[in-house]
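Reading through the structure tokens given below for one structure.
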Amino acid sequence: MLPPSSLVPPRTWRRKHETNSQEVNDNDFFISTDPKFLSAKAINDAFSMEFLYWAKPFPEEVLKQILAGSLCFGVYKRPSRLRDNEHKVDIEESDASRNNSQLSGENLSIDTESVEQVGFARLITDTITFAYLADVYILPAYQSCGLGSWLIDCIAETLSGSNMPYMRRVMLVAEEGKNERFYGDTLGVQAIGREERPEMGKLFVFLGRRGGVPSKTVSNA
1 MLPPSSLVPP RTWRRKHETN SQEVNDNDFF ISTDPKFLSA KAINDAFSME FLYWAKPFPE
61 EVLKQILAGS LCFGVYKRPS RLRDNEHKVD IEESDASRNN SQLSGENLSI DTESVEQVGF
121 ARLITDTITF AYLADVYILP AYQSCGLGSW LIDCIAETLS GSNMPYMRRV MLVAEEGKNE
181 RFYGDTLGVQ AIGREERPEM GKLFVFLGRR GGVPSKTVSN A
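Position 32 of the sequence shown, counted from 1, bears residue number 32 in UniProt numbering, the numbering being contiguous throughout.
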């Protein structure tokens, strides 16, 4: 079976913000499903951090296999000035449906060696009928930048009926409370089960919805 990343064309998102009443691109961050930007080391480093209490690092080859078998969304920070070297590649930006995730359509020239991966999420999916969202994080140093909401908005767009019209089920597991409400608002999922984890002192909620994410649940970033 082909990996999900080969079945779904790579997409890249940039945010827009207003400056002097004009809409301009935010060049500090971008989100992409292009696997060439993924850093297994950065992801494993994050999995070893205390804030990801539910995760543990994997052997590098195992993690690479996990990434290859998933549709991955990386959140990246890049320097304001891109270095001109042989690692520079062109990325064709995708069309996005929200104001602050809109892309201008021109190609971005991105130095793959200079970008820093600051966030991640992956869909375990056949890219047609089923998707399970897992391993969502933004590094603590960047959690005040609105990147988490933007990341889920991009995932919601990917899972929308216009992009995956034959989707039957979207699922994920979240901690009870604020995270449960957040995913309910952004992805339109509802609680379908609960699991208590005494060793963590946490209660987790299984969330799901039938069909793709409807357009009305895709909010502006």
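Virtual Cβ for every residue (Gly too), placed ideally from N, Cα, C.
Query	Result
When you compare the CB positions of Phe120 and Met167, do they come within less than 9 angstroms of one another, or not?	no
Please state the DSSP three-state secondary structure of Ala156.	helix
Return yes when the Cβ of Ser70 is within less than 9 angstroms of the Cβ of Thr125, no when it is not.	yes
Give the secondary structure of Tyr183 by DSSP, where H, G and I count as helix, E and B as strand, and everything else as coil.	helix
Quick check on DSSP: helix, strand or coil for Phe37?	helix
Residue range of the alpha helix (DSSP H) that Lys202 falls in?	It is not in any alpha helix (DSSP H) - Lys202 instead sits in the beta strand (DSSP E) that spans 202-210.
Restricting to Cα atoms, I'd like to know which of Ile43, Pro79, Gly74 is closest to Val62.	Ile43
Can you tell me whether Ala55 is helix, strand or coil according to DSSP?	coil
Have a look at Glu15 and Ile152 and give me their C-alpha separation to the nearest angstrom.	First, the residue type needs correcting, since residue 15 is Arg and not Glu in the sequence shown. Between Arg15 and Ile152, the C-alpha separation is close to 13 angstroms.
Is Glu60 helix, strand or coil by DSSP?	helix
By how many angstroms is the C-alpha of Val173 removed from the C-alpha of Tyr38?	Checking the displayed sequence, the identity of residue 38 turns out to be Leu instead of Tyr. About 23 angstroms.
What is the rounded straight-line gap between the Cα of Ala156 and the Cα of Ala55?	23 angstroms
Would you mind sorting Phe5 into buried or exposed? The rule is 16 or more other CB atoms within 10 Å of its CB.	Correcting the residue type first, residue 5 is Ser in the shown sequence and not Phe. It counts as buried.
Starting from Ser162 and walking both ways along the alpha helix (DSSP H), at which residues does that stretch end?	Ser162 -> no alpha helix (DSSP H), and no H or E assigned at all.
Using 8 angstroms for Cβ pairs, my map puts Ser32 next to Tyr76. What's the rounded Cβ distance?	7 angstroms
Run through the DSSP bridge pairs and tell me what Glu175 is partnered with.	Phe204
Quick one: using the 10 Å Cβ neighbour count with 16 as the cut-off for buried, is Ala141 buried or exposed?	exposed
Tell me which residue opens and which closes the alpha helix (DSSP H) that Leu7 is part of.	4-7
CB-CB under 7 angstroms to Arg210, same chain, minus the five flanking residues each way: which ones, in chain order?	Arg168, Arg169
Output the distance between the C-alpha atoms of Ile128 and Ser160, rounded to the nearest integer angstrom.	11 angstroms
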